[in-house]
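**Q** Offset between the sequence shown (1-based) and the numbering used here: plus 166.
Yeah, the Cβ is synthetic: ideal placement off N, Cα and C, and Gly gets one too.
I have a structure here, written as structure tokens, and I will follow up with some questions on it.
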Amino acid sequence: MARLDCDVLVVGSGPGGAMTSTLLSEAGFDVLMVEEGRHHSVDSSKSYTLEEMNQKYRNGGLTSTLGNVNVTYIEGKCVGGASEINAALYHRPLAETLETWRRDFQIDDFEVQDLMDQFETIEGELGVSTRPMGESPASQLFARGAETLGWKSREIQRFWKYSKTPEGGWRSRRQSMTETLIPRSLAAGTRLETGVRVHRIHFQGEHALYAEAERTTEDGRKQRLRIGFNKLFVCAGAVQTPLVLRRSGVTHGVGDTLQMHPMIRFAARFPEPMNDPTWGVPVHQVEQFKPAITLGCSHSSIPHVAMWMNRLVPDKVARLEEWPHLGVFYVAVAGKGMGKVRPLPVFKHPLVRHPVLPEDLNLLGEGLSRLAELVFAAGATEVYSPFEHGETITHPSAWDDLPQTLPSDQISVSTIHLFSSLPMGEDLARCTVDSHGKLHSKSNVWIQDASVLPTSPGVNPQGTILTLVRRNVQRFIDQHTG
Ligand SMILES: Cc1cc2nc3c(=O)[nH]c(=O)nc-3n(C[C@H](O)[C@H](O)[C@H](O)COP(=O)(O)OP(=O)(O)OC[C@H]3O[C@@H](n4cnc5c(N)ncnc54)[C@H](O)[C@@H]3O)c2cc1C
């Protein structure tokens, strides 16, 4: 077995791990960051393609929860984690959400104003912006629909950078971790080992001693590794972090409260062309019903439109000939259901059980009926039912009664936002890690990723993850440096 040693081991290089390793290395710690996936540049594959899924998604994107409704979910597996494959939409959560977390989970030193200062720093350091060239045709239609109904909506800022080309056009680039924090972290001295999956941590009492891992070389050879450290930061994401801990015998309150934003999409047809691929992902959302319900425009390439249209194949093929007239739209809700992450004997991947509660289904139904109202107000002529065997609708009243009658056995629910599998705070009945991410039950293990969000933030979560991790790691540095 090969050996690696360090003062601080960081497992995972997504937003949580990238922020952790950057701050620790810049503060002078000897940091080794290990990442199961490979290091690719942000533009090494085209977004939303099979090539990208093979390169950067865990299991090529084929992952699902089990429950009353099976929810397909996506995790990144590459340097930078899901920040490399996401739409990079950026939000601050509502102040009320932060205040509720502070009160209900008894989080120390969690003042809204201090957190807002952290958000501002993140916005400056990583760069968030709206599109200087204006909104895409799909976003403009969406905004028009919201305005007709008197609902508040806006273009969402993104972690994105724009610059002018010599010809007067625009060049744009996602500000993922490989574009921002990973280079900063490496420049500050972080050693990065890719293709390394941590299987389990070995403990002596409350103290973590070393990690057992496996390195897979580019040509597929496997090598076992033992990684020694003094302090351990697990930043493997909301599903993989509890998996590693449970495999290591740390089970109390671990992976029992996984939450998500369940999402349903549908495609709609407009008389005028509105789907122009040169504009990328439309980034407009309805603010009116947040944080419970978010309505938005989605990526609408031909394969995506085909996926979210109803399943009558000949009909679908005929309609896809009119692709520029078709767009995909989504409803996402702040789910209250709590799932469990459990390791399985023999299998590398966990069993994730998650209930979509009746109240979450009601919200999804309400969201769908509002979304239909919006796209018809924006001029849509047809909405393709997302339900198995559902009829195409031509008027929003067809879905008036959906909140009560959503056919939960005939819907495709998916999610890209997972969190809260190890909530932070001092309430020992609810919190697995303390107010700054240290495992309550261990002396030298910290969790710094989506797992520590107490509950659903009700907005795209990456900004909140970066902010909480920044705050927590700064506290660690204050406590462990002279
Ligand atoms: C398709 C998609 C679109 C999204 N869009 C947005 C958006 O627009 N805005 C937004 O705010 N959020 C978005 N999100 C969510 C956001 O990307 C995630 O919330 C965020 O990346 C989570 O950060 P993390 O550090 O917790 O974990 P991750 O990003 O999941 O990173 C964890 C890393 O750890 C590695 N790892 C896991 N297990 C191990 C192990 N045992 N050993 C070594 N390495 C390991 C993984 O390979 C991964 O690279 C999106 C997510 C997806 C998938």
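Contact defined as beta carbons within less than 8 Å: I believe L588 pairs with S617. What is the distance between those atoms, to the nearest angstrom?
**A** Stepping through the sequence shown from its first residue, residue 588 is reached at position 422. Stepping through the sequence shown from its first residue, residue 617 is reached at position 451. Between S617 and L588 the Cβ distance is about 4 Å, and since that is below 8 Å, they are a contact.
**Q** Less than 9 Å between the C-beta atoms of V174 and N528, yes or no?
**A** As a first step, residue 174 must be located in the sequence shown, where it is residue number 8. As a first step, residue 528 must be located in the sequence shown, where it is residue number 362. For V174 and N528, no; Cβs fall outside 9 Å.
**Q** Note down the Cα distance separating M369 from H257, rounded to an integer number of angstroms.
**A** Numbered from its first residue, the sequence shown carries residue 369 at position 203. Numbered from its first residue, the sequence shown carries residue 257 at position 91. In the sequence under discussion, the amino acid at residue 369 is Phe, which differs from the Met named in the question. In a straight line, the C-alpha of F369 is about 38 Å away from that of H257.
**Q** What is the DSSP secondary structure of D481, counted as helix, strand or coil?
**A** Here residue 481 refers to the residue found at position 315 when the sequence shown is read from its first residue. The answer is helix: DSSP assigns D481 an H, G or I state.
**Q** Taking DSSP as the reference, what is the three-state secondary structure of W336?
**A** Taking the first residue of the sequence shown as 1, we reach residue 336 at position 170. Correct three-state label for W336: strand.
**Q** Looking at P573: is its Cβ nearer than 9 Å to the Cβ of L409?
**A** Locating residue 573 in the sequence shown gives position 407, counting from the first residue. Locating residue 409 in the sequence shown gives position 243, counting from the first residue. Contact: no.
**Q** So, does the stretch 342 to 352 touch the stretch 242 to 260, judging by three or more C-beta pairs under 8 Å?
**A** The stretch 342 to 352 vs the stretch 242 to 260: in contact.
**Q** Can you tell me whether K514 is buried or exposed, with buried defined as 16 or more other CB within 10 angstroms of its CB?
**A** By 1-based counting over the sequence shown, the position of residue 514 is 348. Exposed, because fewer than 16 other Cβ atoms sit within 10 Å of the Cβ of K514.
**Q** Is the closest heavy atom of ligand 1 to the C-beta of H583 under 8 Å?
**A** Sequence index remark: in the sequence shown, residue 583 carries index 417 (1-based). Checking the Cβ of H583 against ligand 1 gives yes.
**Q** Would you mind listing the alpha helix (DSSP H) stretches within the stretch 300 to 337 that are 4+ residues and don't spill past its ends, in chain order?
**A** For the stretch 300 to 337, whole alpha helix (DSSP H) runs of length 4 or above, ordered along the chain, are 303 to 315.
**Q** A564 and E554: beta carbons closer than 9 Å?
**A** Mapped onto the sequence shown, residue 564 falls at position 398. Mapped onto the sequence shown, residue 554 falls at position 388. Cβ distance not < 9 Å, so A564 and E554 don't count as in contact.
**Q** Taking Cβ to Cβ, would you say Y328 is nearer than 9 Å to R297?
**A** For the purposes of this step, residue 328 is taken as the residue at position 162 of the sequence shown. For the purposes of this step, residue 297 is taken as the residue at position 131 of the sequence shown. The answer is yes: Cβ separation under 9 Å.
**Q** Looking at T243 and ligand 1, is the gap between the Cβ and the nearest heavy atom below 8 Å?
**A** Taking the first residue of the sequence shown as 1, we reach residue 243 at position 77. First, the residue type needs correcting, since residue 243 is Lys and not Thr in the sequence shown. Because some heavy atom of ligand 1 lies under 8 Å away, the Cβ of K243 counts as near it: yes.
**Q** Give the secondary structure of F455 by DSSP, where H, G and I count as helix, E and B as strand, and everything else as coil.
**A** Residue numbering aside, residue 455 sits at position 289 when the sequence shown is read from its first letter. Of the three classes helix, strand and coil, the one that applies to F455 here is coil, per DSSP.
**Q** Bridge partners of A433, per DSSP?
**A** In the sequence shown, the residue the question calls residue 433 occupies position 267. BP columns for A433 point to V494 and Y550.
**Q** Output the distance between the C-alpha atoms of M167 and G421, rounded to the nearest integer angstrom.
**A** Counting from 1 along the sequence shown, the entry for residue 167 is found at position 1. Counting from 1 along the sequence shown, the entry for residue 421 is found at position 255. One C-alpha to the other measures close to 30 Å.
**Q** Can the beta-carbon of L170 be found closer than 9 Å to that of V245?
**A** Here residue 170 corresponds to residue number 4 of the sequence shown, with the count starting at 1. Here residue 245 corresponds to residue number 79 of the sequence shown, with the count starting at 1. No, these two residues do not count as a Cβ contact at 9 Å.
**Q** Apply the 10 Å Cβ neighbour rule to A500 and answer buried if 16 or more other Cβ atoms are within range, or exposed otherwise.
**A** Taking the sequence shown and counting its residues from 1, the one referred to as residue 500 is at position 334. Buried.
**Q** By Cβ distance below 7 Å, which residues in the same chain neighbour R392 in space, the five residues on each side in sequence not counted?
**A** As a working mapping, residue 392 is identified with position 226 in the sequence shown. So the qualifying residues of the chain are M167, R169, Y376 and E378.
**Q** Quick check: is any heavy atom of ligand 1 less than 8 Å from the C-beta of Y256?
**A** Indexing the sequence shown from 1 puts residue 256 at position 90. Yes, since a heavy atom of ligand 1 falls inside the 8 Å radius drawn around the Cβ of Y256.
**Q** Please state whether DSSP places I559 in a helix, a strand or coil.
**A** Locating residue 559 in the sequence shown gives position 393, counting from the first residue. Of the three classes helix, strand and coil, the one that applies to I559 here is strand, per DSSP.
**Q** With distances taken from CA atoms, which of G624, V639 and L632 is nearest T266?
**A** The residue labelled residue 266 in the question sits at position 100 within the sequence shown. When each option's Cα is compared against that of T266, the closest is G624.
**Q** Is it true that the CB of S551 sits closer than 9 Å to the CB of F436?
**A** As a working note, residue 436 is residue 270 in the sequence shown. As a working note, residue 551 is residue 385 in the sequence shown. Contact: no.
**Q** Taking 9 Å as the cut-off, decide whether the C-beta atoms of S580 and P428 are in contact.
**A** Counting from 1 along the sequence shown, the entry for residue 580 is found at position 414. Counting from 1 along the sequence shown, the entry for residue 428 is found at position 262. Yes, they are a contact pair.
**Q** How should H561 be labelled, buried or exposed, when 16 other C-beta atoms within 10 angstroms of its C-beta is the threshold for buried?
**A** Within the sequence shown, numbered from 1, the residue matching residue 561 stands at position 395. That one is exposed.
**Q** DSSP beta-bridge partners for E201?
**A** In the sequence shown, counting from the first residue as 1, residue 201 sits at position 35. Per DSSP, T360.
**Q** If you drop the 5 nearest sequence neighbours on each side, which residues of the same chain put their C-beta closer than 8 Å to that of K222?
**A** As a working mapping, residue 222 is identified with position 56 in the sequence shown. So the qualifying residues of the chain are G203, H206, S211, G242, K243, C244, E250 and I251.
**Q** Which residues does DSSP pair with G242 in a beta bridge?
**A** Position 76 of the sequence shown, counted from the first residue, corresponds to residue 242. BP columns for G242 point to Y223.
**Q** Going by the beta-carbon positions, is the gap between V235 and F399 smaller than 9 Å?
**A** Your numbering for residue 235 matches position 69 in the sequence shown. Your numbering for residue 399 matches position 233 in the sequence shown. No, they are not a contact pair.
**Q** In the DSSP assignment, find the beta strand (DSSP E) that holds W612 and state where it starts and stops.
**A** Within the sequence shown, the letter at position 446 stands for residue 612. It spans V611 to I613 - the beta strand (DSSP E) in which W612 sits, taken as one unbroken run.
**Q** Can you tell which of P303, S213, L292 and L198 has its C-alpha closest to the C-alpha of G493?
**A** Residue mapping note: residue 493 aligns to position 327 of the sequence shown, counting from 1. The candidate whose alpha carbon is nearest that of G493 is P303.
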